Amino acid sequence: MQINAFRIAAAGLLTASLTACSSASDTTASAASVPPSPSGSASAAPSASAAVGIPGGALLQPSDVRGAESQPLEKGEFSHVRPLRPCGDGRYPSDESRTAAVAMRYTVGGAEGGSTPTVVTEFVGLHTGTGAADQFTAIQSGLKECPGGLGDGERRWVVLDTGDDALVVRIDQRFSYADEAPSTVSHYAAASRVGNAIVVVADLGWENLGGSEELVRDLITKAEKRAATLA
């Protein structure tokens, strides 16, 4: 299932140090809580340097993201969307079938000149055998098992759209910016299985601004077309 849209304001990065939750198969604690800082994150989220076998043409291009250039994410950075891990940083069994992975960041300008940008991430993981299908199923199961919440150090995962091979989620968390009262900020992510690849696109907003569902739906469609070249 392909999923469409566009995006208008909001960019940057909601950087919050949060603790990861655990599903029945994970070894971390507490449902749907946010993973630790990048330097301490698990190896479940590979860095761009692991992308042997994934050519640049299989990723979003500047023309897809309003001219934004890609930058590799550090190992473990934003591990909750590399791929979607609502139950924390514990590894999926299907991670063992992944032969290559890449994770990139794009600072995407607003739809109108001078408007606030937004930080978009893309993850592509290539699997052997039934690994990609198994991982997509595991992600769907994780979203059911670990919906999370808005408590301290938690994320709430809300499924907005789902099908056999693609889904869209909203990721909410409480955030306090400067001297403002805490508020709920929403990010959006879409995951898709394209042949033997798992593709995830997320809009992580900017500072205390949320992301855009429309932008994510638009970009996952473009990312699916790019990743189809891996077949």
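Take the sequence shown: its letters are residues -31 to -1, 1 to 200, numbered as in mature numbering (1 follows the signal peptide of the UniProt record, and there is no 0). Idealized CB from N, CA, C, for every residue including glycine. From a predicted model like this one, the values you see are computed outputs, not experimental measurements.
Q: Give the DSSP-derived three-state secondary structure of PRO62 in the structure shown.
A: Walking along the sequence shown from the start, residue 62 turns up at place 93. Collapsing the DSSP output to three states places PRO62 in a helix.
Q) Thinking just about the alpha-carbon of each residue, which of LYS113, SER161 and THR85 is nearest to the one in ASP187? A) Locating residue 187 in the sequence shown gives position 218, counting from the first residue. Comparing alpha-carbon positions, the option among LYS113, SER161 and THR85 lying closest to ASP187 turns out to be SER161.
**Q.** Completely contained alpha helix (DSSP H) runs for the stretch 78 to 150, where each covers 4 or more residues
**A.** Entirely contained in the stretch 78 to 150, the alpha helix (DSSP H) runs reaching 4 residues are, in chain order, 100 to 114.
(Q) Assess contact between the stretch 102 to 111 and the stretch 173 to 193, defined as three or more Cβ pairs (one per stretch) separated by less than 8 Å. Is contact present? (A) With the cut-off at 8 Å, the stretch 102 to 111 and the stretch 173 to 193 do not touch.
Q: Look at the Cβ atom of THR85, then the Cβ atom of VAL77, and state whether they are nearer than 7 Å.
A: In the sequence shown, residue 85 corresponds to position 116, counting from 1. In the sequence shown, residue 77 corresponds to position 108, counting from 1. Against a cut-off of 7 Å, the Cβ pair of VAL77 and THR85 comes out as no contact.
**Q.** Spatial neighbours of ALA11 in its chain, beta-carbon cut-off 6 Å, leaving aside the 5 residues before and after
**A.** Taking the sequence shown and counting its residues from 1, one reaches residue 11 at position 42. Its pLDDT being 38, under 50, ALA11 is placed unreliably in this model, and the value from its coordinates should be taken loosely. Contacts found: ASP58.
Q.
Just to confirm, is the Cβ distance from SER155 to ARG139 under 7 Å?
A. As a working note, residue 155 is residue 186 in the sequence shown. As a working note, residue 139 is residue 170 in the sequence shown. Yes.
**Q.** Endpoints, the alpha helix (DSSP H) within which ASP187 is located
**A.** Taking the first residue of the sequence shown as 1, we reach residue 187 at position 218. 182 to 196 is the extent of the alpha helix (DSSP H) around ASP187.
Q: Just mark GLN142 as buried or exposed, buried being the case when its beta carbon has 16 or more other beta carbons within 10 Å.
A: The sequence position of residue 142 within the sequence shown is 173, counting from 1. Counting other Cβ atoms within 10 Å of its Cβ, GLN142 reaches 16 or more and is therefore classed as buried.
Q. Thinking C-alpha only, which one of TRP126, THR131 and ASP148 is nearest GLY118?
A. Position 149 of the sequence shown, counting from 1, holds the residue named residue 118. Comparing alpha carbon positions, the residue from TRP126, THR131 and ASP148 closest to GLY118 is TRP126.
Q | C-beta atoms of VAL89 and TYR75 nearer than 7 Å | A | Here residue 89 refers to the residue found at position 120 when the sequence shown is read from its first residue. Here residue 75 refers to the residue found at position 106 when the sequence shown is read from its first residue. Taking 7 Å as the Cβ cut-off, VAL89 and TYR75 qualify as a contacting pair.
Q: Excluding the 5 residues preceding and the 5 following SER16 in the sequence, name in chain order all residues of the same chain whose CB lies nearer than 7 Å to its CB.
A: Taking the first residue of the sequence shown as 1, we reach residue 16 at position 47. Since pLDDT at SER16 reaches only 42, below the 50 mark, its modelled position is unreliable, and the value read off the structure follows with that caveat. Correct list, in chain order: PRO41, LEU42, GLU43, LYS44 and ALA72.
Q | Run of the beta strand (DSSP E) containing HIS156, from where it starts to where it stops | A | On the sequence shown, residue 156 is found 187 positions in, with the first residue counted as 1. For HIS156, the enclosing beta strand (DSSP E) begins and ends at 152 to 163.
Q | Simplified DSSP state of LEU199, which is helix, strand or coil | A | For the purposes of this step, residue 199 is taken as residue 230 along the sequence shown, with counting starting at 1. In this structure, LEU199 counts as helix in the three-state DSSP scheme.
Q: Check each candidate in PHE144, ALA166 and ASP172 and name the one with the smallest Cα separation from ALA196.
A: As a working note, residue 196 is residue 227 in the sequence shown. Ranking the options by Cα distance to ALA196, first place goes to ALA166.
**Q.** Span separating the alpha-carbon of GLY25 from that of ALA150
**A.** Sequence index remark: in the sequence shown, residue 25 carries index 56 (1-based). Sequence index remark: in the sequence shown, residue 150 carries index 181 (1-based). Cα to Cα, GLY25 sits roughly 42 Å from ALA150.
Q | Integer Cβ distance of LEU136 from ALA159, believed to fall under 8 Å | A | For the purposes of this step, residue 136 is identified with residue 167 of the sequence shown, where counting begins at 1. For the purposes of this step, residue 159 is identified with residue 190 of the sequence shown, where counting begins at 1. Going by Cβ atoms, the distance from LEU136 to ALA159 rounds to 7 Å, so yes, they are a contact pair.
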